[in-house]
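Engineer:
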């Protein structure tokens, strides 16, 4: 089971890396075109804020994943019970 979880973690870490590099690449391309066509400056502060948020999400995911790997069975059981309760609730009919 841990090998599957490690594979998932590696894939998600790779996706976070692609998202961060993608954000920087698109921002650089847009800044280049903005400077070339309109001679205007690009708001790099906002881009760095977005990259900072992405990095914080990456760190948060890594911390969550370490907890999930340690206690995956109780978390799966609790999640299954919660999903079963949500799905079994009586649906209201609105007129």
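Residue numbers (our numbering): 4 to 98. All C-beta atoms in this analysis are idealised placements derived from N, C-alpha and C, irrespective of residue type, glycine included.
(1) Can you give me the C-alpha to C-alpha distance between residue 1 and residue 51, rounded to a whole angstrom?
(2) Do residue 8 and residue 72 have their CB atoms nearer than 7 Å?
(3) Please report the residue range of the alpha helix (DSSP H) in which residue 82 lies.
(4) Measuring CA to CA, which of 38, 10, 53, 77 is closest to residue 22?
(5) With DSSP as the reference, label residue 24 as helix, strand or coil.
Structural biologist: Looking at the atomic coordinates:
(1) Because the chain spans 4 through 98 in this model, residue 1 falls outside it and cannot be assessed.
(2) yes
(3) 75-91
(4) 53
(5) helix
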